[in-house]
Amino acid sequence: MPSENGAVNEGRAGSRIADIVVPVALDKAYSYAVPAGAALAEGDVVVVPLGPRETVGVVWALREGAGANLKSVLGRVDVPPMGEDLRRLIDWIAWYTLAPLGLAMRLALRIPGEDRAEQVRVGVRLAGEPPERLTAARLRVIAAAEGGLVYTKGDLAERAGVSLAVINGLVDTGTLEAVALPPEPVAGLPDPEHAPAALSPDQERAAAVLRAAVAERSFSVTLVEGVTGSGKTEVYFEAVAEALRQGRQALILMPEIALTAQFLGRFAARFGTAPAEWHSGISSRRRERLHRAVASGEVKVVAGARSALFLPFSDLGLVVVDEEHEQAYKQEEGALYHARDMAIVRARIDKAPVVLASATPSVETRVNAARGRYRHLVLPERFGGRTLPTMRAIDMRKKAPERGRWLSPPLLAAMRETRAAGEQSLLFLNRRGYAPLTLCRSCGHRFQCPNCSAWLVEHRFRRALVCHHCGHVERRPDNCPECGTVDALAACGPGVERLAEEVVEHFPDARVITLSSDFPGGIERLRRELEAIAAGEADIIIGTQLVAKGHNFPQLTLVGVVDADVGLASGDPRASERTFQLLQQVTGRAGRGDRPGRALLQTYQPDHPVMRALLSGDAAAFYAEEEAVREAAGLPPFGRLAAIIVSAPDRGEAEAHARALARSAEAPEGIDVLGPAEAPLALIRGRYRFRLLVRAARDSDLQGYLRAWIARTPKPPQRIRVTVDVDPMSFM
DNA sequence: AGCACGCCGACT
DNA sequence: GTCGGCGTGCTC
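See the structure below:
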């Protein structure tokens, strides 16, 4: 039960009505009577009766009216009210994503009462006479506490080199006095002048533009595009500094995994203190405090994952979206939204500038920049004399490795050279496990997931076959389940586990580390491995997508992309864009301060646009081509696209409903309904998902069409769920 | 989202 | 007989 700190006065139903949004799947506000004399304002968090229970809600609007037959607001909750800007943002998100208003509101509501009340912290200071029994430990404590300052018990114990028992003993004798400590500040105060970075002329020009945008105190969007190592972060830090000088708040959104100690350290080096962090790993006590401190304006800079977007900033002066192109900005559960786009909407409401930063901006952002809707700044050079790695393709049709092997002679030669020079190589292969397909040499049987259309991936280490789509796991048998032949099962294709075997054969005395997200040992082990790599304790690193982001590999001079074609044949219209972004990032890891690195791409399609763009460094031509394809297909950002997702625990039921919806679509001119596919999209937590795509021409009202459709479609039985995802880009 | 109400099968 | 499974619908 939520705590009701500010009770609403008792009284007869008054002359005011409050429209209140409750955090449940309702698509409108409910009206409640405001008790006479109650001090209520729009945005206040209140407790209201809802059916047989009580719940919290937010006052969306107050109006005059009798409301005689309405239930009454029960009380006001003592948490920061939800500001006008946040309420408008939520209205917009609910309209845009077609999510029920209550669920959209939930994104910004911190349900109070979950968190314990602020604990009073106790400190001690020297107050009375020394005790009669003076021991060596006690003397050290008294010496350490000299000067009358207040210390926490633990702090003082550590300074004096004693245990807490000695401190408590001295409190009992009256030598030390316990005093209430003011609550610890939630975050330090960043100082814009602490340690400004020395910027290159390119960086300085970009920083000046951003500073001016912040000083203008109006909405604008600026794309900062710069290759890995070009110093984008230093540049947008100058925008943060300007917001601080203006006394305003700044929000830095980043993909959760990019919120590393390394980033916080860089921020602290520039501003003298770390920013307030906001992500799923933050404890609920701290969340509550941060929430209040952000509302009061005490916290100036928040670095956070996508949900930080809904913090109650009182004076937001800047929003930075780092790694703008990252798919992690897409919220896939509950209310479906794209944090980058919502950040832009929030900034528009708050009249604040937005900075989008990326080495490989997304197509939609490029198009917006090209159309003049966003400012576009390019940082062309690597900072500190680092140059981009040299790129070379290895045509696998001509330089094929031995049968059952995956490393071509040129790549092996490069690895040998690198090793001889005492430097590190990275082999990148975006495939977990041992082999992506297992088949029977006798009858041709292929192991397929019973739920999805995907092949089962062998994980030899776990002696299992795993579906990377839905998580289905089965034991790897010794004989074929189809024809019964013993020992006829063959692993086809490489995964990182299998690659590691091959590397050890070629380099028996090299120190090899394999990094993959499903690796045993979890985050802890991963961190240790990364530290070991940074310390030069590995010669060859084998990794999946994991190695593309965040972490620094200072000794790395060679990157070998084992199969650059992975992902190009997936049928996703963004396959090329994503592959380009990923390979650009991974190959960009090669190179040290003193000399450039090199990257080798093993590919069967050296003439593919992605490979051509990587080799020539001409991203502009590649993106022009991508845009043309999208435009011709009427895909975003040139057309609008939504997905209708039907899910049910029973596969047949889900599919039948999806087909029925497709038949009843009655799409008007300019709107196409595509699908559903024969096989389910995925099996997630026991539910089969089928999908319809709704494609609309440029100017048609996708939301209006979908709303009308939902309204006239009979409600399906409860076990069948229909959700709509109108994210402009991330629909696969 | 909760929570109650209601309609069906297996038990002390 | 009734306890309780879940499917359905409502909440100002």
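Once you know that position 608 of the first sequence is 608 in the UniProt record's numbering, the rest is easy, because the numbers rise by one and skip nothing. Virtual Cβ for every residue (Gly too), placed ideally from N, Cα, C.
Item, Value
"Cβ contact (3+ pairs, closer than 8 Å) linking the segment 424-434 and the segment 621-639", "no"
"Residue span of the alpha helix (DSSP H) that contains aspartate 350, given as start and end", "339-350"
"Glycine 521 - DSSP class collapsed to helix/strand/coil", "coil"
"For asparagine 479, the residue or residues it bridges with in DSSP", "Val486"
"Supposed contact pair valine 73 and leucine 40 - C-beta distance, whole angstroms, cut 8 Å", "7 Å"
"According to DSSP, residues forming a beta bridge with threonine 438", "Ala491"
"Arginine 598 classed as buried or exposed, judged by whether at least 16 other C-beta atoms fall within 10 angstroms", "buried"
"Stretch pair the segment 662-671 + the segment 608-622: three plus CB contacts closer than 8 Å", "no"
"Among Leu253, Leu170, Thr438 and Ala215, nearest to threonine 233 - alpha-carbon criterion", "Leu253"
"Close Cβ partners of aspartate 85 (< 6 Å) along its chain, the five nearest in sequence each way excluded", "Ile349 and Asp350"
"Residues bridged to threonine 418 [DSSP beta-bridge criterion]", "None, per the DSSP bridge assignment."
"Three-state secondary structure (DSSP) of aspartate 155", "helix"
"Reduced DSSP secondary structure (H/G/I, E/B, other) of alanine 711", "helix"
"Beta-carbon spacing of proline 609, arginine 651 below 8 Å", "no"
"beta-carbon leucine 706 near the ligand SAH non-hydrogen atom, thresh 7 Å", "Of ligands this structure carries none, so the ligand SAH is not represented either."
"Where alanine 569 sits in the DSSP three-state scheme", "coil"
"Between the CA atoms of glutamine 555 and alanine 295 - distance to the nearest angstrom", "44 Å"
"Contacting residues, own chain, Cβ-Cβ under 7 Å from leucine 499 (five flanking each side not counted)", "Trp406, Leu427, Leu429, Ile542 and Val562"
"Contacts around leucine 316, its chain only, beta-carbon distance under 6 Å, and the 5 residues preceding and following it disregarded", "Gln249, Asp350 and Ala352"
"Presumed contact (8 Å Cβ cut-off) between isoleucine 17 and arginine 87, rounded CB distance", "Actually they are not in contact, since the Cβ atoms of isoleucine 17 and arginine 87 sit about 17 Å apart, beyond 8 Å."
"Environment of residue 734 [buried if 16+ CB atoms lie within 10 Å]", "Nothing can be reported for residue 734, as the shown portion of the chain is limited to 1 through 732."
"Within 8 Å, strictly: CB atoms of glycine 57 and valine 22", "yes"
"Glutamate 381 in three-state terms, based on DSSP", "coil"
"Coarse secondary structure for glutamine 119, derived from DSSP in three states", "The pLDDT assigned to glutamine 119 is 49, lower than 50, so where the model puts this residue is not dependable; a value taken from the coordinates is nonetheless given after this. It is coil, neither helix nor strand."
"Glycine 521 versus serine 31: straight-line alpha-carbon distance, rounded", "53 Å"
"Cβ distance (whole Å) where residue 748 is taken to contact lysine 330 below 8 Å", "Residue 748 falls outside the range modelled here, since the chain spans only 1 to 732, and no answer is possible."
"Helix, strand or coil at phenylalanine 87 according to DSSP, with G and I counted as helix", "Reading off the sequence shown, one finds arginine at residue 87, where the question assumed phenylalanine. It is helical."
"Closest Cα partner of leucine 210 within the set Leu223, Val559, Ser200 and Ala198", "Leu223"
"The segment 712-728 contacting the segment 643-660, beta-carbon criterion three pairs below 8 Å", "yes"
"For glycine 102, three-class secondary structure by DSSP", "helix"
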